[in-house]
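Structure first, commentary second.
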Amino acid sequence: MVSDFAAVAVFLGLGVGFVLITFLLAKLVSPSAPNAIKNSTYECGETPFGSAWIQFNVRFYIFALIFVVFDVEAVFLFPWAIAYRSLGLFAFVEMLVFIAILIFGLLYAWRKGVLKWY
Amino acid sequence: MLELDKLVKLVGDGIEAVVTALGLGPTWVTLVQLIVAALVVVVFAALVVLFLVWWERKVSARFQMRLGPMRVGWHGTIQTIADALKLLQKELITPANVDRGIYFWAPVVTFVAAMAVYVTVPFGKGLIVRDLNIGILYILSITTFTVIGLLMAGWSSNNKYALLGGFRSAAQVVSYEVPMALAIVAVVMLTQTLSMGEIVSQQAKFYQWYIWRQPLGFLIYLVAATAECNRTPFDLPEADSELVAGFVTEYSGMKFAMFFLAEFLNMFTVAAIATTLFFGGWNGPFLPSWMWFLIKTLAGVFVLMWFRWTYPRLRVDQLMSFAWKFLLPLAFINIVLTGLGIYIFRP
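Have a look at this one:
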C-alpha cells in the first residue's frame, strides 16, 4: 500500500517537472541575444555600484530567532489543541500556564527592545 | 446532478482497470492515479491563475472607474492567455553577476511550494487528492517554503532592490506566520482534528460554520493571510514605487511568470483555507459542492482585491510592530477565550 505522503512526493516531483518543462519550452521558442549591458544588474539605468552581497541589518536575524521560538511553540500547541476537549480542567489550567510563559517571553523580548524596528 | 465525485471515481476505476490489465500491482495503480490527480491539479491551478489575473485587472479597473482589458476576446477574457504566450516568447535573461544555481531554482521552489498545498485541499464532495491526517499543519508548513524561494531569488539576483525585497518578504511572512498558526490552533481546539476533510464535514449546517465561534480568529487569519500573500497593504516586498519589483527585479520571461503564478496561486490557497476552516468548505444547498467551494473561495479572493484598492501601503516598522505587538497577543487572547468557552459550554 502506498502511504498518504506518496501523494506529497508525487506532487513535488510533478511540480518541479512542470516548471522545468515550461522553462525548456520558453528556451526553445524565445530568442537569445545576450550582451554586456543587457546582462548587467538592473539599477534603474545607473551603472551598478558594487555587489549586493553585503552584510545586512542584524534585526533580520533577531526577528528570525524570535520567529523560530514562537513557531515551535505554536507547533507544541497543535497536539494539545486536538486533545483539549477530552482532557478537561487539567488541560485548561496547563494551557494557561503555557501561554503565560509564552506571553512572558514576548514581554521580555518587547522590554529588551527586540521588537523595535529602527 | 453536477457532482464530480462520480466522475472522479469513474476515472480512478478506469485507471485501475487499465493498469491492472497491464499486469502491474496495486502500488502502481495508486501511483498512476496520483500522477493523473497531480496533472489535473496543475492544469486547474494554471486555469485558476489565468482567470484570477484577468479578474484582478477587471476588478481593479472597476474600482478606478475604468473598463480594464476589453480587446482580446469578450470583455478581454482571453487577455491573460495572450499575455502568457507573450511571456513565453520573451528572452530569458540571466544577468552576469547572479549566483546561477540559486537563481535558477528559486522560481521552481516558489511554484512547487505553492502547488504542493493542493494535495489536501477539499475542492468538493470526494474531490480531495489525499485527506492527510495532519492536513492543516501540512498546509501551514508547506506554504512557508514559499519564503525560501523568495529569499533565494532576492539573494541570488545580486541586486540591491531584489535583496531588500527578499529580506522584507522573509521578515514579513515569518512574522505573520505566528499569529496565523495561533489563529488556526484556536480552530483546531474546536474541530479536534487536523484533517481538512473532517473539518469540512463538521460544518454541514450554516450555523455550524466556525466563523460564528471564531470571529476573532477569522480576523487574525484574514490579516495574517493578506500579509502572507504579500498583498497590499502588506506589499512591501514588491513595493513598486521604491524597490522596482522587489525580488523579481532580475527575472524575465517565463521565470518571472512562475513567481507571478505562485503569487496568485497563494492568494487562491489562503482563500481556500479560509473557506475550509471558517465558512463550511464545500457545504451548501442546491448547487454542486465544488461550485460552492469555488464561489466561497473566489469571494475570499475578491476581498483580498478589495483590500488592495482600499488601504495604502504600511511602513516596514508599522508592519513588524503590528504583527508582534498587536496580532500575536490578540491570537493568545483568542486561544484563552476559546479554551474558556469550550470548558464552560462543554457538551
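Protein sequence lines correspond, in order, to chains F and L. Residues in the first sequence are numbered consecutively from 3, following the numbering used here. Residues in the second sequence are numbered consecutively from 320, following the numbering used here. Using N, Cα and C, we set each Cβ at its ideal position, and we do this for glycine too.
- With its beta carbon less than 7 Å from one in chain F, L:W643 belongs to the interface.
- Here L:G443 carries a strand assignment [DSSP, helix/strand/coil].
- The continuous alpha helix (DSSP H) containing F:V74 extends over residues 61 to 89.
- For L:I453, no alpha helix (DSSP H) run applies, since DSSP gives it neither H nor E.
- Contact of F:A102 with chain L is not assigned, every C-beta pair being separated by 7 Å or more.
- Taking all protein chains in view, the Cβ of F:R113 is surrounded by fewer than 16 other Cβ atoms within 10 Å, so the residue is classified as exposed.
- Rounded to the nearest whole angstrom, the C-alpha separation of L:K644 and L:V355 is 46 Å.
- In summary, the residues of the region 477 to 489 of chain L whose CB is separated from some CB of chain F by less than 8 Å are N477, N478, K479, Y480, A481, L482, F486, A489, in the order they occur in the chain.
- Taking L:I654 as reference, the option from F:L104, F:L109, F:V116 with the minimal CA-CA separation is F:L104.
- Boundaries of the alpha helix (DSSP H) harbouring L:A481: 479 to 510, taken from the DSSP string.
- Here L:T465 is not near L:A435, since their CB atoms are 7 Å or more apart.
- Among the CB atoms of chain L, one or more fall inside 7 Å of the CB of F:Y86.
- Going by C-alpha positions, L:M389 is about 49 Å away from F:L67.
- L:N549 sits close to L:S488, with the two beta carbons spaced by under 7 Å.
- For the region 599 to 646 of chain L, the continuous alpha helix (DSSP H) assignments of 4+ residues that do not extend past its boundaries occur at 608 to 627, 635 to 640, in sequence order.
- Here the region 451 to 468 of chain L does not lie against the region 28 to 37 of chain F, with fewer than 3 beta-carbon pairs under 8 Å apart.
- Of the other Cβ atoms in all chains shown, fewer than 16 fall within 10 Å of the Cβ of L:W531; this residue is therefore exposed.
- Of all C-beta pairs linking the region 32 to 51 of chain F to the region 557 to 572 of chain L, three or more are shorter than 8 Å, placing the two stretches in contact.
- Scanning chain L for C-beta atoms nearer than 9 Å to the C-beta of F:L98 yields V655, G658, reported in chain order.
- One alpha carbon belongs to L:P534, the other to L:M471, and they sit about 36 Å apart.
- By the criterion of at least three beta-carbon pairs nearer than 8 Å, the region 595 to 611 of chain L is not in contact with the region 350 to 370 of chain L.
- Listed along chain F, the residues sitting closer than 7 Å to L:M434 by beta-carbon distance are F13, G17.
- The beta carbon of L:T545 is closer than 7 Å to those of F553, L623, F626 in its chain, skipping five residues each way along the sequence.
- For L:V368, no CB of chain F lies under 7 Å from its own CB, so it is not counted at the interface with that chain.
- The beta carbons of L:A481 and F:F65 sit about 20 Å from each other, so the pair does not count as a contact at 8 Å.
- Counting only the Cα atoms, L:L451 lies some 8 Å from F:F7.
- Only buried fits L:R449, as 16 or more other CB atoms lie within 10 angstroms of its CB.
- DSSP places L:F553 outside both helix and strand once states are collapsed to three, so it counts as coil.
- In the structure shown, the three-state DSSP call for L:G473 is helix.
- For L:A590, the enclosing alpha helix (DSSP H) has its first and last residue at 572 to 597.
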